[in-house]
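From first to last, the protein sequence lines stand for chains A and B. Numbered continuously in my numbering, the first sequence closes out at residue 363. Numbered continuously in my numbering, the second sequence closes out at residue 293. Single-structure report; data block below.
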Amino acid sequence: MPRTDWSRCMTVRCFLGLAIASLYVFSDGGAVTDFGAKIPKEFGGWEASANDKTFNRQTLYDYMDGGAEVYLAFDFREVFSRKYGGPGGRDLTLDIYDMGSPEEAFGAFSCDREDPSAGIGQESEYGPGLLRFWQGRYFVTIMASSDDETAAAAILELGRKAAKSLGPPGAKPDLVAFLPTESLRPDRTSYFHSVVNLNNRFFVSSENILRLDRLTQCVFAEYGPEGAEPSCLLLIRYPDAGKAGSARQSFLASYLPNAGPEGLGQTEDKKWAAASVRNNYLTVVFEALSPEAARRLAASVKFPEK
Amino acid sequence: MNHPLTRRDFLKGASAAVVGSSLIFGQDKGISKKARVVLIRHSEVLDENSKVNPDILQGMLDEAVMTLLDEKDPVRAFRKLVKPGETVGIKTNVWSYLPTPPELEAAIKRRLVDAGVAAERIGLDDHTVRTNPLFISATSLINVRPLRTHYLAGMSGCIKNYIMFAESQPDYHPDSCADLGALFKLPQVQGKTRLNVLCALTPQFHGRGPHHFSRRYVWSYKGLIVGQDPVAVDTIGLRLTMAKRREVLGRAQELPPVPKHIQLADTRHGIGTSDINAIELVKLGWTEDILI
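Written out as structure tokens, the structure reads:
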């Protein structure tokens, strides 16, 4: 999709939430090149081991061949990257991604969450060797090749220092607020645009049967008590109702050919899936325990009045 | 157009049957081919710190290539692959978190020299193979890299290892890197690959976004997967990856999304076989937790 179309889409959304947008969307932490001076090059026995690097939409392939598309599917602008060397030959890599808006930064953060919060930035997670968090329009990762206590302490210290440079917090995508809140697992909600993210979050199909692209906005959420197999809700906003309707048809043909007119069908695990359209929104329920539960979850989506 | 693979295939428990059976990823398969792949493991090739024992690794490589080519001597086996006077490129992988072990590169190079290839005519490279004079003039290639998952392509194996031969790497990224098999038809590559070695000493079975590595998601499998057919080698590598993911992550996450390039390398590009029924898998050595 051309950048201009993307910008137009974002602008429309910003006007819809003008009060919030004025506070958050246009807030900034500065250009990513500024982080070179804002974030210390030395701390606690660690020091920058190479020149800082930045990559933009055109050069991101030079940094992560084969992975750039994952960020380019969002409104990624630039990434600041710095490597640190530490005790015993350990190393850290700090990457700060300017995702263009808080919504997109939340999206990049939300797709691969697995670990407990580290209390850094707006939301974070830390597991051995990896800290991920978001703040404002920035998504940050700090990764170490070793996962011992020395590396862990350095990762968390650097994360706290970096977070101070990122400016004020920002708002999550408005689509997140459409989700039913009863039994929602809050740390398991993801926001994205592309089928790559969907399939890494929750594998649906080897083909793009939901017809996702950079113009589609998706939230994926899990429901149910901890420890139990969750039911899942995928809510997709398409540019228009026609695209939502054809995506539903495509999904039902490939995934739920046994569904009736209601778009509800049982799957091999004795659970239920359902797909329904309202205006330009497609709601898909996976792994509901009963047809009633699938209907109830889909009907609980808090769509806007218009 | 065949029916795409969906989550429901995994719920049926049919994934192992459909992945590698030519029933998915949108192409019908033509003539089946027979390809031998050797999986060799040794319990002591790594110590408790994952340090490689080079002698054991050399022995594993030798035994695998001998078995692959029905030879009783490793030098004679390598002479079936390369001839004295040739220029040979060893396409390795230098990804900093999980590179091809230098001990494995050295083991390959040693046998090439033993087979009569002059040391100065052996290239070892990754990112600059397109401009490396030894790779430009190479008449044979040896393809070696570690086995790991990949956020976009599902799996990084021997097929994906040739991405550095592409003039434009992003050209190969659409649709989950579906057409990586076409790399083997590039003029610098076509018809030159003599051996594929997928290093499964410490494979990575999961990742958290592109560019990610964590020791949580690698395990000491202590194996090599060796063959002349890169598609068959990767098919076995995918089966191993799926088996580990099923064990650790559960059935719903068994398939790393979405390694369609392996099957399409066969059915669309015809550079090898992904049909598990057309692959002769020979297992040698240590069998504990072999998974496949």
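Think of the CB as a built atom: it goes at the ideal place given N, C-alpha and C, for glycine as much as any other residue.
- The stretch 232-249 of chain B and the stretch 192-204 of chain B touch, with no fewer than 3 CB-CB distances between them shorter than 8 Å.
- For residue 193/B, there is no enclosing alpha helix (DSSP H), as DSSP marks it with neither H nor E.
- A distance of 7 Å or more separates the beta carbons of residue 291/A and residue 308/A.
- Excluding sequence positions up to five before and after residue 57/B, its CB lies within less than 8 Å of the CB of 43, 45 and 46, all in the same chain and listed in chain order.
- Taking CB atoms only, residue 146/B has no neighbour in chain A less than 7 Å away.
- At least one C-beta of chain B is nearer than 7 Å to the C-beta of residue 260/A.
- CA-to-CA, the gap between residue 142/B and residue 283/A works out to about 52 Å.
- With its beta carbon less than 7 Å from one in chain B, residue 326/A belongs to the interface.
- Close partners of residue 171/A in chain B (Cβ separation under 9 Å): 209.
- Excluding the 5 residues flanking it on each side, residue 237/A has same chain C-beta neighbours closer than 8 Å at 280, 290, 354, 357, 358 and 359, in chain order.
- For residue 294/A, the enclosing beta strand (DSSP E) covers residues 288-294.
- At a Cβ-Cβ threshold of 7 Å, residue 171/B and residue 124/A do not count as neighbours.
- At a Cβ-Cβ threshold of 7 Å, residue 193/A and residue 225/A count as neighbours.
- Residue 161/B has its alpha-carbon roughly 19 Å from the corresponding atom of residue 36/B.
- Between residue 200/A and residue 213/B a beta carbon distance of about 7 Å is seen, short of the 8 Å cut, so the two are scored as contacting.
- For the pair of segments examined, the stretch 304-321 of chain A was found to touch the stretch 253-269 of chain A: the number of CB pairs separated by less than 8 Å reaches three.
- By the C-beta density criterion, residue 210/A is exposed, having fewer than 16 other C-beta atoms within 10 angstroms.
- When the beta-carbon positions are compared, residue 233/B and residue 274/B come within less than 7 Å of each other.
- Only residues of its own chain outside the window of five on either side were considered, and among them 42 have a CB closer than 8 Å to the CB of residue 288/B, listed in chain order.
- In this structure residue 98/A is exposed. Its beta-carbon is surrounded by fewer than 16 other beta-carbon atoms within 10 angstroms.
- Residue pairing by DSSP puts residue 37/B in a beta bridge opposite 281/B.
- Across the set 324/A, 333/A and 174/A, the C-alpha of 333/A shows the shortest separation from the C-alpha of residue 304/A.
- Taking all protein chains in view, the Cβ of residue 128/B is surrounded by fewer than 16 other Cβ atoms within 10 Å, so the residue is classified as exposed.
- Taking a 10 Å sphere around the C-beta of residue 137/B, we find fewer than 16 other C-beta atoms and assign the residue as exposed.
- With a threshold of 7 Å between beta carbons, residue 124/A makes contact with chain B.
- For residue 144/A, the three-state secondary structure derived from DSSP is helix.
- The three-state reading of DSSP puts residue 336/A in coil, since its state is none of H, G, I, E or B.
- At a cut-off of 7 Å between beta carbons, residue 102/B makes no contact with chain A.
- A contact is defined here as three or more CB-CB pairs under 8 Å, and the stretch 100-114 of chain B fails this definition with respect to the stretch 149-156 of chain B.
- Ranked by Cα distance from residue 120/A, the first of 288/A, 139/A, 319/A and 203/A is 139/A.
- Taking 7 Å as the Cβ-Cβ cut-off, the stretch 255-273 of chain B approaches chain A at 256, 258, 259 and 261, given in chain order.
- A contact is defined here as three or more CB-CB pairs under 8 Å, and the stretch 251-266 of chain B meets this definition with respect to the stretch 174-184 of chain B.
- By DSSP's assignment, residue 145/B forms a beta bridge with 198/B.
- One thing to note: residue 202/A has its Cβ no nearer than 7 Å to the Cβ of residue 173/B.
- In this structure, DSSP gives residue 247/A an extended state, which the three-state scheme calls strand.
- The stretch 106-120 of chain A and the stretch 134-153 of chain A touch, with no fewer than 3 CB-CB distances between them shorter than 8 Å.
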